[in-house]
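K.L.:
My questions will all concern the structure given below.
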Amino acid sequence: MNNDFKENDYNWIRELMDYPESLKNSLGLLEDTSRVTVPEDPIERVIFQDKAKKAIRKIAQNRGHILMVGKPGTGKSMLANMFNEVLQKSLGDYLRPKDAIVAYPGKDKNHIRFAYEDPETVDVVLSDLHNELEEAKNNVDEFSLSDQIIPVNKTKKWLLWLTGISAVAGVFFSPAFVATGLCGIGAIFMYMQENNHKAQEKIQRESAGGKQNSLKHLYDMMPDVLYDPRKDKGLMARVSEPNARSMKGGFRHDPYQSGNLHTPTHKRAYLGVHAKSPIIYIDEIKTMIKIGYMSELLEIMQNKEYLLEGGKETGSGAADKSENALKADNIIVACCNHDTLEYLQKEGDGSFLSRIEDKGEIIQMETSVPECEETIRQLVQYIKQEIINLDKEFKEAWGKVVEKEGHIGVKLRSEFLLGRCLPLNYRLEARDFSRGAILEIIKELRCRASDRKLSSILRPMNGIIKTAEYEAIYENSPLVEAEHVRHALKEHLSLEGALSRELIEHKKDLKKFISSMTDSIGYVVGLAVINSQASGQMYGQPLPIHGQVNAGGSDKVTSSGKTGDIAKAAAQNVRASIKKIFNKIGAPYVGYEMHVEYIQAHGGVEGDSASVAMDIALISDYIKQPVNQKYGVTGSLTGDIVLPVGGVTEKVRSIMDPVLEMEGTCIPWQNKHDIEPLLINTAFEYIQKEEVPGIRIFRGEDCSMPFDIYFCKTKYNAYKILMGLNRSEVENRMAERSKMDLEFIRNMRNDSSAMAQAA
Numbered sequence: 001m002n003n004d005f006k007e008n009d010y011n012w013i014r015e016l017m018d019y020p021e022s023l024k025n026s027l028g029l030l031e032d033t034s035r036v037t038v039p040e041d042p043i044e045r046v047i048f049q050d051k052a053k054k055a056i057r058k059i060a061q062n063r064g065h066i067l068m069v070g071k072p073g074t075g076k077s078m079l080a081n082m083f084n085e086v087l088q089k090s091l092g093d094y095l096r097p098k099d100a101i102v103a104y105p106g107k108d109k110n111h112i113r114f115a116y117e118d119p120e121t122v123d124v125v126l127s128d129l130h131n132e133l134e135e136a137k138n139n140v141d142e143f144s145l146s147d148q149i150i151p152v153n154k155t156k157k158w159l160l161w162l163t164g165i166s167a168v169a170g171v172f173f174s175p176a177f178v179a180t181g182l183c184g185i186g187a188i189f190m191y192m193q194e195n196n197h198k199a200q201e202k203i204q205r206e207s208a209g210g211k212q213n214s215l216k217h218l219y220d221m222m223p224d225v226l227y228d229p230r231k232d233k234g235l236m237a238r239v240s241e242p243n244a245r246s247m248k249g250g251f252r253h254d255p256y257q258s259g260n261l262h263t264p265t266h267k268r269a270y271l272g273v274h275a276k277s278p279i280i281y282i283d284e285i286k287t288m289i290k291i292g293y294m295s296e297l298l299e300i301m302q303n304k305e306y307l308l309e310g311g312k313e314t315g316s317g318a319a320d321k322s323e324n325a326l327k328a329d330n331i332i333v334a335c336c337n338h339d340t341l342e343y344l345q346k347e348g349d350g351s352f353l354s355r356i357e358d359k360g361e362i363i364q365m366e367t368s369v370p371e372c373e374e375t376i377r378q379l380v381q382y383i384k385q386e387i388i389n390l391d392k393e394f395k396e397a398w399g400k401v402v403e404k405e406g407h408i409g410v411k412l413r414s415e416f417l418l419g420r421c422l423p424l425n426y427r428l429e430a431r432d433f434s435r436g437a438i439l440e441i442i443k444e445l446r447c448r449a450s451d452r453k454l455s456s457i458l459r460p461m462n463g464i465i466k467t468a469e470y471e472a473i474y475e476n477s478p479l480v481e482a483e484h485v486r487h488a489l490k491e492h493l494s495l496e497g498a499l500s501r502e503l504i505e506h507k508k509d510l511k512k513f514i515s516s517m518t519d520s521i522g523y524v525v526g527l528a529v530i531n532s533q534a535s536g537q538m539y540g541q542p543l544p545i546h547g548q549v550n551a552g553g554s555d556k557v558t559s560s561g562k563t564g565d566i567a568k569a570a571a572q573n574v575r576a577s578i579k580k581i582f583n584k585i586g587a588p589y590v591g592y593e594m595h596v597e598y599i600q601a602h603g604g605v606e607g608d609s610a611s612v613a614m615d616i617a618l619i620s621d622y623i624k625q626p627v628n629q630k631y632g633v634t635g636s637l638t639g640d641i642v643l644p645v646g647g648v649t650e651k652v653r654s655i656m657d658p659v660l661e662m663e664g665t666c667i668p669w670q671n672k673h674d675i676e677p678l679l680i681n682t683a684f685e686y687i688q689k690e691e692v693p694g695i696r697i698f699r700g701e702d703c704s705m706p707f708d709i710y711f712c713k714t715k716y717n718a719y720k721i722l723m724g725l726n727r728s729e730v731e732n733r734m735a736e737r738s739k740m741d742l743e744f745i746r747n748m749r750n751d752s753s754a755m756a757q758a759a
């Protein structure tokens, strides 16, 4: 019997079982996070990004540009904030602008000029100019309508005299009363006209613009301060929508564009971050590409200055422009994902990337880091930082309630919010993490990565840590324990995680139905994985596969549904592997039509990790040997060798739920280290089925509900576990089936020939 395993292989599996103990040793004497300290250096508060931190310190020294490339949640925004904080403390006094930016009228109504002046000097000059204007305004003759009022007043008096004389005359000569009425009406009209002029005179005198309107041409020539460094202490500006208006500035719309009411151009100007901020942080540079500002940014980065121009082709401000340039010596801190980086490499032959590398660096953020004592120490520090942040949030949200009502007030209000009764000694305070809880966080980060690494996508972990904290607080536990973290992990699911949970429920019923309705010949439980784009987490799920082999048809392999190119290539590879066995054992190859079905995989299948499962399904159908439906299998098949695949930890974890009634799985030998995190905080033992080694994990208390994981080097190892057959048994039964098919086809051909001759 051929044995694919050596003595050292069995020793390595036993060494694999030492992982939980070695992990505990990495924590040293740490029992909880109460004695963990947070570094004062802000950059050191970002964990798992040692290369990026080193590059940022170097760039800060050289005042260069930064482009951070990586998945969301790896710490790009945090590093940008820390970069700003470090520069604030080290070079802030020298980087911060010292001069005010003052705008003056230009050569015509559509042009302005800029000047950089000391703010104190600007205050003195503007104060003197305002005083001179006030003096000029006071020397202007007071507004008067006396030229209009005096004639009206005289006319009114004459009409009143005529009214009186005509009234006396009317006593002796009655037609004179007609003159009395006309003169009276005229006097009343003149009285109203006089009051109207007096009211206008009073309004003009009391209004602020009375004398000022007569000096508007002088007021329009007054310079305007567009930027005062004393009012803006920040070094870094965050730009959420990087376009010409927010980055460069522009000119506001003037609603009074005619007469003597128009606003001069220099008083309608405003500045963008290029002119005001030494550091510009663009959180997602993809928005800049979509808006089309990239070409202008490149020009400004090259020239370190720009002209302020109107932003629109129509409307007021379109023709406005500055006569001299504004300074723009900015440090650009930008972030993007890998798809945007690919675009930047092609766009303009990578001109933006060239500008970055000229004075700075493109930083590749780590998505995962090797698990070692240093990274574990950083992770514990990160947990402590989140505990401190949560405690601050509690004080900000409930500090006044505690001050006025005490913790009993917090308890009563929390019960109303939560709809549940809380412990009598309930206190809304953040708890430290116990050793077991820390191990659960390490376990989760190991599961989200591969190759014995910890995932660096930490943003989703913030919610898990907070939820675990709340669970400990609700139970009034002195520490956050492992069960609190496990509960939080069930609560925090991404969109893909929720979808995966629903699919697992569906696949559970589907698997039970298939097992009850079939003889398990040609049916295999493969393992698939869904990747979360938001959190980077992977979610495993069972993938039922059915294989059929029909003799005498077209010599090909087909797979139905939305099968990707890699999955189709894997099916062809499986076909070649089966044909290789026929050649090896000298069996006649009849020509077979092989069909592979991914049962109800409506979303499609891509990748080669199901190739071993496909091979087992086809061989099972060919030799009519049932497959154990309580075992799953994953791996990439190359010839007879099983090669490693991704997401093994999550694939295995997905079928360990006792509700699925699965008893074990087969995984590639080279994926053995992906089982390490599943050994944390659980009981396990070494097992071996003939030559195939494995580990048995107990899912229940008192070593109950065992789950067996076997490590396969070749597909024959998987045959042994899933079909109970060794290499020679499989090859002999394949040879027998091949001979039977050949004899059957010969008989069919002979019968066809005889019928043709008889006809």
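Read in order, the letters of the sequence shown correspond to residues 1 to 759 in the UniProt record's numbering.
Every residue, glycine too, gets a C-beta built ideally from N, C-alpha and C.
Bear in mind that the values here come from a model prediction, so they are computed numbers and not experimental data.
What are the start and end residues of the beta strand (DSSP E) that includes Y104?
P.N.:
Unbroken beta strand (DSSP E) run through Y104: A100 to P105.
K.L.:
With DSSP collapsed to three states, give me the class of Q541.
P.N.:
Note: Q541 maps to strand in three-state DSSP.
K.L.:
So L379 and I442 are in contact, right, with Cβ under 8 Å, and what is the actual spacing, rounded?
P.N.:
Rounded, the Cβ-Cβ distance is 7 Å, consistent with contact.
K.L.:
What runs of the alpha helix (DSSP H), each 4 residues or longer, lie entirely inside the stretch 346-392?
P.N.:
Listed in chain order, the complete alpha helix (DSSP H) runs (minimum 4 residues) inside the stretch 346-392 are 351-359.
K.L.:
To the nearest angstrom, report how far apart P105 and P223 are at their CA atoms.
P.N.:
Taking the straight line from one Cα to the other gives about 7 Å.
K.L.:
Once DSSP output is grouped into helix, strand and coil, what is the label at S277?
P.N.:
Of the three classes helix, strand and coil, the one that applies to S277 here is coil, per DSSP.
K.L.:
Determine the direct distance from the alpha carbon of I289 to that of Y622, and round the result to whole angstroms.
P.N.:
Y622 and I289: Cα-Cα distance of roughly 56 Å.
K.L.:
To which residues does DSSP link V321 through a beta bridge?
P.N.:
Note that residue 321 corresponds to Lys in the displayed sequence, not to Val. Note: K321 sits in a beta bridge opposite H111 and E309.
K.L.:
Specify the secondary structure class of Q193 as computed by DSSP and reduced to three states.
P.N.:
Helix.
K.L.:
In angstroms, rounded to a whole number, what distance separates the CA positions of S360 and L353?
P.N.:
Here residue 360 is Gly; the residue named in the question, Ser, does not match the sequence. Rounded to the nearest angstrom, the two C-alpha atoms are 10 Å apart.
K.L.:
Buried or exposed for H673, please, with buried defined as at least 16 other CB atoms from any protein chain shown within 10 angstroms of its CB.
P.N.:
H673 should be labelled buried.
K.L.:
Do you know how far the Cα of A269 is from the Cα of residue 791?
P.N.:
Since the displayed the chain opens at 1 and closes at 759, residue 791 lies outside it and no answer follows.
K.L.:
Around the C-beta of A52, are 16 or more other C-beta atoms found within 10 angstroms, so that it is buried, or is it exposed?
P.N.:
Under this definition A52 is a buried residue.
K.L.:
To the nearest angstrom, report how far apart V557 and L439 are at their CA atoms.
P.N.:
Cα to Cα, the separation comes out at about 46 Å.
K.L.:
For G406, which residues does DSSP report across the bridge?
P.N.:
DSSP lists no partner for G406.
K.L.:
Pick from H266, Q49, Q345 and Q200: whose alpha carbon is nearest that of A103?
P.N.:
Closest option to A103, Cα to Cα, is H266.
K.L.:
Compute the distance between the beta-carbons of R431 and S477, then report whether it is under 8 Å.
P.N.:
Taking 8 Å as the Cβ cut-off, R431 and S477 qualify as a contacting pair.
K.L.:
Just grab the DSSP bridge partners of L271 for me.
P.N.:
L271 is bridged to G249.
K.L.:
Give me the Cβ distance between Y716 and G664, rounded to the nearest whole Å; I'm assuming they're in contact under 8 Å.
P.N.:
Going by Cβ atoms, the distance from Y716 to G664 rounds to 17 Å, so no, they are not a contact pair.
K.L.:
Leaving aside the five residues before and after D708 along the sequence, list all residues of the same chain whose C-beta is less than 7 Å from its C-beta, in chain order.
P.N.:
The residues are E663, G664, I687, G694 and R696.
K.L.:
Tell me whether the stretch 62-75 and the stretch 327-346 touch, counting them as touching only if at least three CB pairs, one residue from each stretch, are closer than 8 Å.
P.N.:
Yes, since at least three Cβ pairs between the stretch 62-75 and the stretch 327-346 fall closer than 8 Å, the two stretches touch.
K.L.:
For R435, which residues in the same chain have their Cβ closer than 8 Å to its Cβ, ignoring the five residues on either side in sequence?
P.N.:
Contacts found: K24, L27, L30, E31 and D32.
K.L.:
Could you check where the beta strand (DSSP E) with K453 kicks off and where it finishes?
P.N.:
Its beta strand (DSSP E) spans residues K453 to S455.
K.L.:
Starting from F698, follow its DSSP beta bridges and name the residues at the other end.
P.N.:
Answer by DSSP bridge pairing, in chain order: A683 and P706.
K.L.:
With DSSP as the reference, label Y426 as helix, strand or coil.
P.N.:
Three-state DSSP puts Y426 in coil, outside helix and strand.
K.L.:
For S368, which residues from the same chain have a beta carbon less than 7 Å from its beta carbon, with the 5 sequence-adjacent residues on both sides left out?
P.N.:
Answer for S368: A449, K453, L454, S455 and S456, listed in chain order.
K.L.:
Among residues of its own chain, excluding the 5 on either side of L271, which ones have a beta-carbon nearer than 7 Å to its beta-carbon?
P.N.:
So the qualifying residues of the chain are I101, L226, Y227 and G249.
K.L.:
Could you pull the start and end residues of the alpha helix (DSSP H) that D621 belongs to?
P.N.:
S611 to I623 is the extent of the alpha helix (DSSP H) around D621.
K.L.:
In terms of residues, what are the limits of the alpha helix (DSSP H) holding G664?
P.N.:
Looking at the DSSP string, G664 is not in any alpha helix (DSSP H); the run it does join, the beta strand (DSSP E), is G664 to P668.
K.L.:
Pull up the DSSP beta-bridge partners for T638, would you.
P.N.:
Beta-bridge pairing links T638 to I641.
K.L.:
Could you check what DSSP says for D741 in three-state terms: helix, strand or coil?
P.N.:
Three-state DSSP puts D741 in a helix.
K.L.:
With a Cβ-Cβ cutoff of 8 Å, do L479 and A468 count as a contact?
P.N.:
Going by C-beta atoms, L479 is not nearer than 8 Å to A468.
K.L.:
Are there 16 or more other CB atoms within 10 angstroms of the CB of M192, so buried, or fewer, so exposed?
P.N.:
It counts as exposed.
K.L.:
With respect to 7 Å, is the separation between the Cβ of Y382 and the closest non-hydrogen atom of the ligand MN below this value?
P.N.:
The model on display carries no ligand, and the ligand MN is accordingly not part of it.
K.L.:
Buried or exposed, going by whether 16 or more other CB atoms sit within 10 Å of the CB of R746?
P.N.:
Flag for R746 reads exposed.
K.L.:
What does P626 pair with, by DSSP beta-bridge criteria?
P.N.:
Paired residues: I521.
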